[in-house]
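The sequence shown: position 121 = 128 (my numbering), numbered continuously.
Cβ coordinates follow ideal geometry from the N, Cα and C atoms, glycine included.
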Amino acid sequence: MYGFSLYKLCGLSHMTELLDRLGISIDTHLTRPLLFLGLLILVWIARRLSGYLVRRIIHFVVQAVHLVGRRQINIELELVQALTAPIQLLVTIIGVRIALLVFDLDPVTARFVSGAFSILLAYTFFWALYRLAEIIGVYLVRVAEQATSSFDETVVRFSSQVVRVVIVAFGVVVVAQQLGYDLGGVLAGLGLGGLAVALAAQDSLANLIGYVAIISDSTYKVGDLIQIEEIEGFIEDISLRSTRVRKRDRSLVLLPNQFMANHPITNWSRLRRRQIRMTIGVTYSTTADQMEALLSALRSMLQNHEKVVPDTVMAEFVEFGSSSLDILLIGLVKVVRWEELQALKTDINLRIMRLLVEQGLEIAFPTRTVWIEPAASAPISEANQQPS
Numbered sequence: 008m009y010g011f012s013l014y015k016l017c018g019l020s021h022m023t024e025l026l027d028r029l030g031i032s033i034d035t036h037l038t039r040p041l042l043f044l045g046l047l048i049l050v051w052i053a054r055r056l057s058g059y060l061v062r063r064i065i066h067f068v069v070q071a072v073h074l075v076g077r078r079q080i081n082i083e084l085e086l087v088q089a090l091t092a093p094i095q096l097l098v099t100i101i102g103v104r105i106a107l108l109v110f111d112l113d114p115v116t117a118r119f120v121s122g123a124f125s126i127l128l129a130y131t132f133f134w135a136l137y138r139l140a141e142i143i144g145v146y147l148v149r150v151a152e153q154a155t156s157s158f159d160e161t162v163v164r165f166s167s168q169v170v171r172v173v174i175v176a177f178g179v180v181v182v183a184q185q186l187g188y189d190l191g192g193v194l195a196g197l198g199l200g201g202l203a204v205a206l207a208a209q210d211s212l213a214n215l216i217g218y219v220a221i222i223s224d225s226t227y228k229v230g231d232l233i234q235i236e237e238i239e240g241f242i243e244d245i246s247l248r249s250t251r252v253r254k255r256d257r258s259l260v261l262l263p264n265q266f267m268a269n270h271p272i273t274n275w276s277r278l279r280r281r282q283i284r285m286t287i288g289v290t291y292s293t294t295a296d297q298m299e300a301l302l303s304a305l306r307s308m309l310q311n312h313e314k315v316v317p318d319t320v321m322a323e324f325v326e327f328g329s330s331s332l333d334i335l336l337i338g339l340v341k342v343v344r345w346e347e348l349q350a351l352k353t354d355i356n357l358r359i360m361r362l363l364v365e366q367g368l369e370i371a372f373p374t375r376t377v378w379i380e381p382a383a384s385a386p387i388s389e390a391n392q393q394p395s
C-alpha cells in the first residue's frame, strides 16, 4: 500500500537479514551510514548513466520513426530535453528509497517515507507524461505547418492544450489520494461554492468559450493576417484566454477571446484574390477622343498585366468631378499578401503615369476659378456730389 520493500521480494523479513546473508556486519554505528553513503554514490552513477541511456534510446526511436514515416521533422533534441530530467529523477527516487532500507525505521517513519515515495513517483510519472505530450504537440504543429499536411494547426494546438490540462487534473487527483484527501468532500465543497466561483471567473469562462468558438469555426490560425475593428496584424498565438496579434509596426496586442468571438473579423489570409480599385482624374482640357484612347490603353495595360485577372478589368469614365474628369479602375489581382499588393499598386501606378505621358494628358489637381463680376458704375454727378 505504501510502496515496495526490496528485501521482501527476496523472501527476507528485514534488511539486516539480507546483509547477514551477504556477510556484511552492521553491528557498528558507522556501518549503516557508510553503507547508505555508498548506495547514494551508486545512485548518482545510475542517474548519470540513465541520462546517457535516455539519449541513446530516443535517438534509436526517432530514427526508426523517420524511416517508417519518412518525416523530415526532427524532435530528438526536444525529446531528450523533456524526458531526461524526469527519468533521472525517477532513478534518484528509487535509489534513495533502496538506500533508506539500510536503516531500521520505526513504523511511523516507514509509513511516512513510503507515502512520500509514492507521491514522488506519481509526480515524476505525470511530469514526464506532461512533457511528452508537450513535445508531441510541438511535433504535430510542425507537421501541420507543412503545406502538404492535412492537419489543422489551430486544432492541433487546442488538442495539445486539452491533453495537458487533463494530465495535470489526473496528476492532482492521484497526489490528493496519496495524501489521504477525501475527493468526494472536496467536490461537494466545490459544488457549494460553485456559484461564487462562476461569478468571479465569468470573464475567464467567457474567454474559454470564445476560444472554443474560434477553434470550432476555424476563424483564423497562427500566421494569418487579420483585421478586427482598427487592429490589423498577424496571429502569433491563440491561448485559452487571449489571442496575440503582432501589428505591422511590430507592436504586440493581446485581445481577449471573448472580444474576438463577438466582433467581425476580416481574415486577409483566406483571400484567394484581392481587388484593386482606384480613381484617376485628368484635366478638363481632355477631349472625348483622347478620353476614349486613354480608356482603351488602360484596359489593355491591365488585361495584359501578368498579375491581373483579365476578365475582371473595368476602366470607365464615370464622373465630371469638381476639378477633373474621373476614371474608375477596378480589377482582381493574383496576389494575397499585403506587401505584394502594395508593390503591385506601385507598378500599376507607374504604368498609368507612362500612359498619360504617351497620350499627352495630365493628372488634374484641385483648382478653382473665381470670376469677379464688375460692379455697376455710379453716375458721376452722384459720385461727385458732396453732402451739404
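Can you give me the C-alpha to C-alpha distance between residue i and residue j, rounded to a whole angstrom?
i: residue 321; j: residue 332; result: 16 Å
i: residue 59; j: residue 83; result: 14 Å
i: residue 144; j: residue 350; result: 38 Å
i: residue 76; j: residue 70; result: Unreliable positioning characterises residue 76 in this predicted model, as indicated by a pLDDT of 49, which lies under 50. The coordinate reading is nonetheless provided below. So the alpha carbons of these two residues sit roughly 10 Å apart.
i: residue 68; j: residue 62; result: 10 Å
i: residue 335; j: residue 222; result: 40 Å
i: residue 171; j: residue 57; result: 26 Å
i: residue 113; j: residue 106; result: 16 Å
i: residue 149; j: residue 372; result: 53 Å
i: residue 326; j: residue 378; result: 24 Å
i: residue 366; j: residue 297; result: 7 Å
i: residue 231; j: residue 90; result: 33 Å
i: residue 214; j: residue 266; result: 8 Å
i: residue 341; j: residue 314; result: 5 Å
i: residue 276; j: residue 103; result: 56 Å
i: residue 118; j: residue 97; result: 20 Å
i: residue 10; j: residue 51; result: With a pLDDT of only 41 at residue 10, under the threshold of 50, the placement of this residue in the model should not be trusted; the figure read from the coordinates follows. Residue 10 and residue 51: Cα-Cα distance of roughly 22 Å.
i: residue 116; j: residue 123; result: 10 Å
i: residue 255; j: residue 132; result: 44 Å
i: residue 346; j: residue 329; result: 33 Å
i: residue 224; j: residue 310; result: 37 Å
Would you mind giving the Cβ-Cβ distance between residue i and residue j, rounded to the nearest angstrom? I have them listed as a contact below 8 Å.
i: residue 308; j: residue 358; result: 6 Å
i: residue 126; j: residue 186; result: 7 Å
i: residue 139; j: residue 163; result: Not confirmed; about 16 Å, so no contact.
i: residue 289; j: residue 370; result: 7 Å
i: residue 343; j: residue 278; result: 5 Å
Apart from the five residues just before and just after residue i, which ones in its own chain have a Cβ nearer than 6 Å to its Cβ?
i: residue 339; result: 280, 282, 316, 319
i: residue 218; result: 247, 264
i: residue 42; result: 109
i: residue 396; result: No answer is possible for residue 396: the residues shown for the chain start at 8 and end at 395.
Between residue i and the ligand NAD, is there a pair consisting of the residue's CB and a ligand heavy atom that are separated by less than 7 Å?
i: residue 234; result: Questions concerning the ligand NAD fall outside what the structure shown contains, since it holds no ligand whatsoever.
Going along the chain, which residues of its own chain have a beta-carbon closer than 8 Å to the beta-carbon of residue i, five neighbours each way excluded?
i: residue 273; result: 233, 234, 235
i: residue 7; result: Nothing in the structure corresponds to residue 7, since the chain is present only between 8 and 395.
i: residue 129; result: 178, 181, 182, 185
i: residue 3; result: For the chain, the structure presents residues 8 to 395; residue 3 sits outside this window and is missing.
Establish whether the CB of residue i and some CB of chain D are separated by less than 8 Å.
i: residue 68; result: As a matter of chain content, chain D is missing from the structure shown, which is built from one protein chain.
Tell me which same chain residues have a C-beta within less than 7 Å of the C-beta of residue i, skipping the five on either side of it?
i: residue 352; result: 283
i: residue 253; result: 240, 241, 243, 259
i: residue 381; result: none
i: residue 47; result: 106
Quick one: grab the DSSP three-state call for residue i.
i: residue 106; result: helix
i: residue 256; result: coil
i: residue 249; result: strand
i: residue 43; result: helix
i: residue 333; result: strand
i: residue 342; result: coil
i: residue 244; result: strand
i: residue 83; result: helix
i: residue 299; result: helix
i: residue 89; result: helix
i: residue 373; result: coil
i: residue 280; result: coil
i: residue 272; result: coil
i: residue 262; result: strand
i: residue 368; result: coil
i: residue 316; result: coil
i: residue 397; result: The first residue shown for the chain is 8 and the last is 395, placing residue 397 beyond what the model contains.
Give the list of continuous alpha helix (DSSP H) stretches no shorter than 4 residues that lie fully inside the segment 156 to 185.
Annotation: the segment 156 to 185 contains the following complete segments of the alpha helix (DSSP H) (minimum length 4 residues), in chain order: 160 to 185.
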